[in-house]
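Residue numbers (the working numbering): 1326 to 1898.
Glycine included, each C-beta is placed from N, C-alpha and C at the ideal position.
All values reported here derive from a predicted model rather than from experimental measurement.
Let me begin by presenting the structure, written as structure tokens, before commenting on it.
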């Protein structure tokens, strides 16, 4: 079965003949098989289950209820459960079809950030299970939820560590590209407090107390990390520019951490009098009431902060509304704002305010409308081939080596000052295919003992294109699998070969012209100077003309040289 890209058909008449011929090989394919489409099912799809699950939680807690609202919430929960199982099956199928994409998806600079969405979706399912399933099931569910809570908490904590470690080690993200979704690896911890506040009241006293403490410490961990991400995102907004219009709905992710933390503080505080052991803190027996009041004040403290980011995001979206097109970022209209709505619902309960309750009811209606709008737009984009299509999803790498797009993509960046103290860097194939640039840059680096360059301020994607433009080939990042093998992390190249010599492809012990160019470009394009400290030029860059050449050099490296491998550049002869 093959599908046709309807968006290309619709826009075909708007492309000139010359432009169409020139870019025919660069655009995504016009048709794709079902296998190809499933192979591009990415982690951001779980933003749908996050939004659906959070909507079910809001429907269960919203004030001013009417007969049938609980049934509507149950239907939404069942839909969320169905979508979660479906998406899990599709994701599993993707990794079975293309096994190397599993590791790649966990450190891809865009897709990997949404790995946490899977676990947040699971937490919301547990939350809904307690809300909608608790009243109609036996005591077995209470014990099961206790076990699942601690299992989820342990996994969420480990995921937050492993995910950030992978990003720290495998990727280099620029502060000028900072987005609120950088908090996603720790997002599973940001919903633990709300989950604990939901299931603890139905637990035995000791289990309830343990869950309450776990909810507090894990929510605090998530919130503390989120504060650091807030700082980076604000720095980006102050020093760079707003995200591109299609990605601006993702700014609403900044609403979620404060919203869910405020909701957790309200919820955990409200149940404190019932779960706190007598005289836990003082001898007056009023510990629970004190914590309840503290939770209310702390929750109110964060509510307006969440709304402030909501306003910032809304203004940015409205300004770029005409240039927006659907992406899975649109689901950020629902999930983060559901967290803010839950916080306001809890504030209304704590304050006993009918006015606040009315605002919550209105916010719930808006969330339902936004969910349907996103669902319709999502289905339309799926039908038109704008999603689940080679080259169009968050796992795409096709532009990394698309050299013909370089002038257009760097047009927004001032390249006139890209200099190495003694000469101006020009995007000229004539200059960059000679050894002159390499010798010039190396001499400058040796003289000044610094690795600073305006190139470091460019986004990593642009630097990759400069690499490819200069060498006429592809930059292939690799990671070490064992002492005798490396595996390319570039999904399109998929090369596997033994460790190779630092020499040129002809087997000589001296680096050729391409090697010298690659060494120079590697140094000036580093994102941080620390990566190159203590590493020899002859052992951290490899330029090969073919996989056969790589195999011939199998025995050439010492163990010391193996440990210093950083990049491999594949370039044609």
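Checklist entry - For residue 1652, does the three-state DSSP call read helix, strand or coil? => result coil
Item to check | Backbone secondary structure at residue 1678 - three-state DSSP | outcome: Under the three-state reduction of DSSP, residue 1678 is assigned to coil, being neither helix nor strand.
Item to check | Contacts around residue 1593, its chain only, beta-carbon distance under 7 Å, and the 5 residues preceding and following it disregarded | outcome: 1518, 1521, 1522, 1537, 1540, 1541, 1620
Checklist entry - Where does the unbroken alpha helix (DSSP H) through residue 1376 begin, and where does it stop? => result Counting along the chain, the alpha helix (DSSP H) containing residue 1376 begins and ends at 1371-1386.
Next on the checklist: Pop quiz: residue 1576 and residue 1501 are said to be a contact at Cβ under 8 Å. What is the actual Cβ separation, rounded to whole angstroms?
Outcome noted: That pair is no contact at about 15 Å.
Item to check | Limits of the alpha helix (DSSP H) - the one that residue 1484 falls within | outcome: 1464-1495
Checklist entry - Who are the near neighbours of residue 1652 in its chain, counting only those whose CB is closer than 6 Å to its CB and skipping five residues on each side? => result 1571
Item to check | Alpha carbon of residue 1398 to alpha carbon of residue 1379, nearest angstrom | outcome: 10 Å
Checklist entry - Quick one: is residue 1468 buried, meaning 16 or more other Cβ sit within 10 Å of its Cβ, or exposed? => result Exposed.
Item to check | Between the CA atoms of residue 1715 and residue 1727 - distance to the nearest angstrom | outcome: Residue placement at residue 1727 cannot be trusted, given a pLDDT of 32 that sits under 50; the coordinates are not used to answer.
Checklist entry - Within 10 angstroms of its Cβ, does residue 1490 collect 16 or more other Cβ (buried), or is it exposed? => result exposed
Checklist entry - Near residue 1441, what residues of its chain come up, given a Cβ to Cβ distance below 6 Å and the 5 sequence neighbours on each side ignored? => result Here residue 1441 has 1509, 1510, 1512, 1513 as same chain residues with Cβ atoms under 6 Å from its own Cβ, once five neighbours each way along the sequence are excluded.
Checklist entry - How would you label residue 1850, buried or exposed, when you count the other beta carbons within 10 angstroms and need 16 or more for buried? => result Because the pLDDT at residue 1850 is just 41, under 50, the model does not fix this residue reliably, and the value given afterwards should be weighed accordingly. Looking at its Cβ environment, which holds 16 or more other Cβ atoms inside 10 Å, residue 1850 is buried.
Checklist entry - With a Cβ-Cβ cutoff of 7 Å, do residue 1656 and residue 1699 count as a contact? => result yes
Checklist entry - If you run the structure through DSSP and keep just helix, strand and coil, what is residue 1659? => result coil
Checklist entry - Does the distance from the C-beta atom of residue 1668 to that of residue 1628 stay below 7 Å? => result Between residue 1668 and residue 1628, the CB-CB gap stays under 7 Å.
Next on the checklist: Since residue 1557 and residue 1445 should fall inside the 8 Å C-beta cutoff, what is the C-beta to C-beta distance between them, to a whole number of angstroms?
Outcome noted: No, residue 1557 and residue 1445 are not in contact; Cβ-Cβ is about 21 Å, not under 8 Å.
Checklist entry - For residue 1457 versus residue 1412, is the C-beta spacing smaller than 7 Å? => result no
Checklist entry - If you check the beta carbons only, do residue 1515 and residue 1464 fall under 7 Å apart? => result No, the pair does not count as a contact, with Cβ atoms beyond the cut-off.
Checklist entry - If we count Cβ pairs, one from each stretch, closer than 8 Å, do we get three or more for the stretch 1643-1651 versus the stretch 1695-1714? => result They touch, by the three-pair rule.
Checklist entry - Under three-state DSSP, which class holds residue 1507? => result helix
Next on the checklist: Please classify residue 1561 as buried or exposed, where buried requires at least 16 neighbouring CB atoms within 10 angstroms.
Outcome noted: Burial of residue 1561 is indicated by the presence of at least 16 other C-beta atoms within 10 angstroms of its C-beta.
Next on the checklist: Tell me the DSSP secondary structure of residue 1627 in three-state form.
Outcome noted: Here residue 1627 carries a helix assignment [DSSP, helix/strand/coil].
Next on the checklist: In whole angstroms, give me the CA-to-CA distance for residue 1662 and residue 1373.
Outcome noted: 14 Å
Item to check | Opening and closing residue of the alpha helix (DSSP H) in which residue 1579 lies | outcome: Unbroken run through residue 1579: none, as it is neither H nor E.
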